[in-house]
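Peer 1: Have a look at this one before I ask anything.
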């Protein structure tokens with residue numbers, strides 16, 4: 182199989198995996214506990230519990246006019262991928278509706294349902310897919326009201342879904358559980374997309390021999406160190422600049438070693454959202470080997 186074929190297979194694997202996690206999070210945790218965690222699925226959760234119709238049917242009925250509108254507003258090229266995602270998602274919600282509810286504790290449901298939603302969202306992003314829903318609503322509204330940013334529009338739409346659930350159920354707590362689920366979803370999606378290889382980026386400015394300062398760091402911590410040449414404008418002297426990326430747990434040890442080898446070193450420690458390469462995580466594309 183060619184590299185392009187492998188990448189396409191990988192994209193579809195992420196796409197289908199993300200939709201499956203979405204459906205499981207909805208049917209195993211959120212919908213049975215009346216937690217409308219935003220989106221069309223949230224609206225369907227409310228209507229499905231109040232009307233004699235399944236959640237999957239409501240999702241399909243809401244998405245249908247949105248897809249038709251999308252064809253006229255954004256064109257067929259944009260809509261066709263969302264069309265596939267929304268239909269597959271609806272089918273999987275139908276197919277997993279028979280699964281037993283895993284908990285009736287709304288807090289647990291919000292935590293685990295939000296986690297599955299977040300993992301599913303990350304996989305959909307990696308697979309460049311969409312299940313329609315409020316994602317489609319937001320894009321259509323932004324096209325109609327370009328002065329409002331995507332982030333603000335998303336906040337307005339999701340807040341409206343949560344408010345709708347609180348009014349429909351006449352219960353403020355269901356809205357609070359929904360907010361908790363959305364927060365957990367965002368945290369998991371962020372972690373999955375940015376990676377768990379977070380750490381610190383350290384700049385060490387020293388007046389001593391940079392090699393002598395870097396040696397104990399490489400020996401005792403095992404970190405790679407890059408040397409840059411600098412010039413101190415205040416001291417009017419040459420300075421060695423050492424750059425290294427370490428895990429957060431290694432930062433206290435680095436400070437202790439620096440205090441022993443050069444107590445006068447000027448050190449800047451910056452949080453690094455994700456570190457790739459070297460002893461950290463490798464960057465790879467769907468379908469390729471890491």
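Numbering (the working numbering), first residue to last: 182 to 471.
Cβ coordinates follow ideal geometry from the N, Cα and C atoms, glycine included.
As the structure is a computational prediction, the values presented were derived from the model and not from experiment.
At the level of alpha carbons, what is the spacing between residue 446 and residue 460?
Peer 2: One C-alpha to the other measures close to 26 angstroms.
Peer 1: Given that a residue counts as buried once 16 or more other Cβ atoms are within 10 Å of its Cβ, and exposed if not, what is residue 359?
Peer 2: Burial call: buried.
Peer 1: In chain order, what are the residue ranges of uninterrupted alpha helix (DSSP H) at least 4 long that sit wholly in the stretch 352-399?
Peer 2: Runs of the alpha helix (DSSP H) inside the stretch 352-399: 353-375.
Peer 1: Excluding the five sequence neighbours on either side, which residues of its own chain have a C-beta within less than 7 angstroms of the C-beta of residue 470, listed in chain order?
Peer 2: Reliability of the predicted coordinates at residue 470 is poor, the pLDDT of 47 falling under 50, and no value is obtained from them.
Peer 1: Less than 8 angstroms between C-beta atoms, sequence neighbours within five positions excluded: which residues of the same chain meet that for residue 476?
Peer 2: Outside the modelled stretch of the chain, which goes from 182 to 471, sits residue 476, for which no answer is possible.
Peer 1: DSSP on residue 314, reduced to helix/strand/coil?
Peer 2: In this structure, residue 314 counts as coil in the three-state DSSP scheme.
Peer 1: Any idea what DSSP makes of residue 474, helix, strand or coil?
Peer 2: Residue 474 lies beyond the residue range present for the chain, which begins at 182 and ends at 471; the question has no answer from this structure.
Peer 1: Provide the residue(s) that pair with residue 476 in DSSP beta bridges, ordered along the chain.
Peer 2: Residue 476 cannot be examined here, being either before or after the span of the chain that is shown, 182 to 471.
Peer 1: Could you check how far apart the C-beta atoms of residue 217 and residue 343 are, in whole angstroms? I think they sit under 8 angstroms.
Peer 2: Contact holds; Cβ gap of about 7 angstroms.
Peer 1: Count Cβ pairs between the stretch 382-394 and the stretch 366-374 that sit closer than 8 angstroms; are there 3 or more?
Peer 2: No, the stretch 382-394 is not in contact with the stretch 366-374.
Peer 1: Between the beta-carbon of residue 209 and the beta-carbon of residue 283, is there less than 8 angstroms?
Peer 2: Their beta carbons are under 8 angstroms apart, which means residue 209 touches residue 283 by this criterion.
Peer 1: DSSP beta-bridge partners for residue 420?
Peer 2: Residue 420 is bridged to 411.
Peer 1: Where do the ends of the alpha helix (DSSP H) carrying residue 238 lie?
Peer 2: It spans 236-254 - the alpha helix (DSSP H) in which residue 238 sits, taken as one unbroken run.
Peer 1: Looking only at C-alpha atoms, which of 299, 453, 324 sits nearest to residue 361?
Peer 2: Minimum Cα distance to residue 361 is reached at 299.
Peer 1: Rounded to whole angstroms, what's the CA-CA distance from residue 326 to residue 243? Just pull it up for me.
Peer 2: Computed Cα separation, rounded: 21 angstroms.
Peer 1: Could you tell me the distance, in whole angstroms, from the CA atom of residue 395 to the CA atom of residue 270?
Peer 2: Each residue's alpha carbon lies about 53 angstroms from the other.
Peer 1: Use the C-beta contact count for residue 339: other C-beta atoms within 10 angstroms, 16 or more gives buried, fewer gives exposed.
Peer 2: Residue 339 comes out buried.
Peer 1: Taking DSSP as the reference, what is the three-state secondary structure of residue 453?
Peer 2: Three-state DSSP puts residue 453 in a strand.
Peer 1: If I measure Cβ to Cβ from residue 250 and keep anything under 7 angstroms in the same chain, skipping five residues before and after, which residues do I get?
Peer 2: Here the set comprises 321.
Peer 1: Any idea which residues DSSP pairs residue 426 with across the strands?
Peer 2: According to DSSP, residue 426 bridges with 382.
Peer 1: Pull up the DSSP beta-bridge partners for residue 406, would you.
Peer 2: In the DSSP output, where bridge partners are listed per residue, residue 406 has 425.
Peer 1: Using a 10 Å radius around the Cβ and a threshold of 16 neighbouring Cβ atoms, would you call residue 412 buried or exposed?
Peer 2: The residue in question, residue 412, is exposed, as its Cβ has fewer than 16 Cβ neighbours within 10 Å.
Peer 1: According to the Cβ coordinates, are residue 432 and residue 379 closer than 8 angstroms?
Peer 2: Contact: no.
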